[in-house]
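In our numbering, the protein residues as written are 30 to 422.
Glycine residues also receive a C-beta, built at the ideal position from the N, C-alpha and C atoms.
This one's a predicted model, so the numbers in the text were calculated from it and none came from an experiment.
Notes follow once the structure below has been shown.
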Amino acid sequence: MAADVLAEAGVDVTLFDKRSSPGRKLLVAGSSGLNVTNAVPLDEFVAQYTGPAEHWNSVIGGFTPKNWLRHIENKLGTPTFLGTSGRYFVEDMKAASLLRAWTDRLHELAVHFEYGLECIGVESKGGRVTLTMRSAAGDEPHDFDAVCFALGGGSWEPKEDPLRWPALFRERGVEFEAFRPANAGYRVAWSEAFLKEAEGQPLKGVVLTTPKGSRKADAMVTRYGIEGTPVYFVGVTGPATLDLQPDLSDAKLLERLRAVKENLSPIRRVKKQLHLCPAALALIFHHTPKEVLEDRGLERLVARIKAFPLELLGPQPLAEAISSGGGIRFSELDPALMLHKLPGVFAAGEMLDWEAPTGGFLIQGCVSEGVAAARGILKRIGRADDSPSAGPA
Ligand SMILES: Cc1cc2nc3c(=O)[nH]c(=O)nc-3n(C[C@H](O)[C@H](O)[C@H](O)COP(=O)(O)OP(=O)(O)OC[C@H]3O[C@@H](n4cnc5c(N)ncnc54)[C@H](O)[C@@H]3O)c2cc1C
Numbered sequence: 030m031a032a033d034v035l036a037e038a039g040v041d042v043t044l045f046d047k048r049s050s051p052g053r054k055l056l057v058a059g060s061s062g063l064n065v066t067n068a069v070p071l072d073e074f075v076a077q078y079t080g081p082a083e084h085w086n087s088v089i090g091g092f093t094p095k096n097w098l099r100h101i102e103n104k105l106g107t108p109t110f111l112g113t114s115g116r117y118f119v120e121d122m123k124a125a126s127l128l129r130a131w132t133d134r135l136h137e138l139a140v141h142f143e144y145g146l147e148c149i150g151v152e153s154k155g156g157r158v159t160l161t162m163r164s165a166a167g168d169e170p171h172d173f174d175a176v177c178f179a180l181g182g183g184s185w186e187p188k189e190d191p192l193r194w195p196a197l198f199r200e201r202g203v204e205f206e207a208f209r210p211a212n213a214g215y216r217v218a219w220s221e222a223f224l225k226e227a228e229g230q231p232l233k234g235v236v237l238t239t240p241k242g243s244r245k246a247d248a249m250v251t252r253y254g255i256e257g258t259p260v261y262f263v264g265v266t267g268p269a270t271l272d273l274q275p276d277l278s279d280a281k282l283l284e285r286l287r288a289v290k291e292n293l294s295p296i297r298r299v300k301k302q303l304h305l306c307p308a309a310l311a312l313i314f315h316h317t318p319k320e321v322l323e324d325r326g327l328e329r330l331v332a333r334i335k336a337f338p339l340e341l342l343g344p345q346p347l348a349e350a351i352s353s354g355g356g357i358r359f360s361e362l363d364p365a366l367m368l369h370k371l372p373g374v375f376a377a378g379e380m381l382d383w384e385a386p387t388g389g390f391l392i393q394g395c396v397s398e399g400v401a402a403a404r405g406i407l408k409r410i411g412r413a414d415d416s417p418s419a420g421p422a
């Protein structure tokens, strides 16, 4: 995004990536339906992010969800649609066509792409920034007026533990919060019998409650535990409960179960009367003590359906999380996202110390920061157009 804004303003831009092609994380994100932003009102939107409120008011206000959608639709020629959940998606749900359109546009804007080069050194001296780039051919210095880093937060980087790039900045005294998994699944000790029936299936419309709060949505049963919106929002290590039938009160559930005239076992009554999804039924069947399952009084079973006890054993590792918390502290940055200790060096995206929930807030945060950093660079190199209509908005 930063390259886009700069190149559109006529700046000569080189885009490096240590990988052999750009945007790999975007492709990973697209594998589960590329959700690009969200329809919540702007004040609610900015409240989704950790980190200084003034930063997000300025960054998201400076390149809003509407601006981003217009960019995707008009400049990248990729249609989007608003899902029923209030999330915006690209029409084909995949990232590949968006990424292709974007790299094509950047090529047209004369951005130079340099792949397979890893930045291993950064220096700021006399108004210039020098990067040391490592490739199979050796290390080479590259000189620039300004640099914007967007190195990511280490999620989905299974081959790098610990992440290599923080060393670049640590050497320069830049302060970090340690990276940790965010929007991560949690481990649960499921029985094999339960997994046999429910692995890969949704627990539909459940409410997960933890000391962090409650969240209603579908959760996914995985071999190691549980994934999905409820756990991303309120997941925390320790005891939790699942309401498997949040639309009915305890009394209503009891009434329904007792209304069955035939002499059915409690579990068969549940199956017949409550219309639970298969994974919820399997959970009750395989993870409920026998004496509760056989109790014809039904109260204890109803109490379990309304507050199914779950022990969240801990988040999945960073390498398997959707995003990360931690990163370069905001106290290290000026409002234009330039590092105080490295004049001319800007940073954007998940490498900064913020978190946001899934729902399009992550990508929106990254692209809005990319625009903010690019505008900072334009100002620094004396190419800013200060008119209110400046920039891609
Ligand atoms: C499974 C999954 C699903 C997701 N789904 C969504 C979604 O639907 N909606 C949403 O908003 N977000 C989603 N996200 C999150 C989103 O993909 C990220 O927030 C976003 O990609 C972060 O962008 P970034 O530019 O900060 O970092 P990244 O996209 O991680 O990019 C960092 C880049 O820097 C390169 N790099 C790192 N170190 C160096 C170095 N030293 N030298 C040169 N290059 C280097 C890396 O190769 C990489 O290409 C998802 C993430 C995952 C893992």
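Item: Exposure of L71, with buried meaning 16 or more beta-carbon neighbours within 10 Å; Value: exposed
Item: Proximity of L98 and T132 at Cβ, strictly below 8 Å; Value: no
Item: Continuous alpha helix (DSSP H) assignments of at least 4 residues falling wholly in the stretch 61–103; Value: 71–75, 82–91, 94–99
Item: Own chain residues within Cβ distance below 7 Å of V203, not counting five before or after; Value: I357, E361, L368, K370
Item: Distance, Q230 Cα to L224 Cα; Value: 9 Å
Item: Segment limits, beta strand (DSSP E) that includes I255; Value: 254–256
Item: Assigned exposure category for K319 - 16 Cβ within 10 Å defines buried; Value: exposed
Item: For L381, the residue or residues it bridges with in DSSP; Value: I357
Item: Cutoff 6 Å; reference A36; Cβ partners in own chain excluding five residues on either side; Value: V42, L138, V140
Item: Start and end residues, alpha helix (DSSP H) containing D247; Value: From DSSP, D247 is part of no alpha helix (DSSP H) but of the beta strand (DSSP E) over 242–250.
Item: Buried or exposed (CB count within 10 angstroms, at least 16 for buried), F110; Value: exposed
Item: Neighbourhood of E221 by C-beta distance below 6 Å, restricted to the same chain and skipping five residues each side; Value: none
Item: beta-carbon W194 near ligand 1 non-hydrogen atom, thresh 7 Å; Value: yes
Item: Inter-residue spacing [alpha-carbon to alpha-carbon] between L273 and K245; Value: 10 Å
Item: Y78 and A403 closer than 8 Å at C-beta; Value: no
Item: Sufficient close CB pairs (3 or more, under 8 Å) joining the stretch 178–198 to the stretch 305–323; Value: no
Item: Any non-hydrogen atom of ligand 1 closer than 7 Å to A58 Cβ; Value: yes
Item: Beta-carbon proximity of L286 to V331, cut-off 8 Å; Value: yes
Item: Inter-residue spacing [alpha-carbon to alpha-carbon] between S243 and K335; Value: 13 Å
Item: Alpha carbon of G127 to alpha carbon of G394, nearest angstrom; Value: Inspection of the sequence shows that residue 127 is occupied by Leu rather than by Gly. Each residue's Cα considered, the two are about 18 Å apart.
Item: Closer than 7 Å: A51 CB and nearest ligand 1 heavy atom; Value: The residue you asked about is not Ala; residue 51 is Pro in the sequence shown. Yes, ligand 1 has a heavy atom inside 7 Å of this Cβ.
Item: Whole-angstrom distance between G388 and R116, CA atom to CA atom; Value: 6 Å
Item: Boundaries (first-last residue) of the alpha helix (DSSP H) holding I351; Value: Element bounds for I351: n/a, residue is neither H nor E.
Item: Touching by the beta-carbon criterion (3+ pairs, under 8 Å), the stretch 191–205 and the stretch 50–58; Value: no
Item: C-alpha distance - V40 paired with D247, whole-angstrom precision; Value: 46 Å
Item: Residue nearest to P170 in terms of C-alpha spacing, selected from F178, L180, S164, T159; Value: T159
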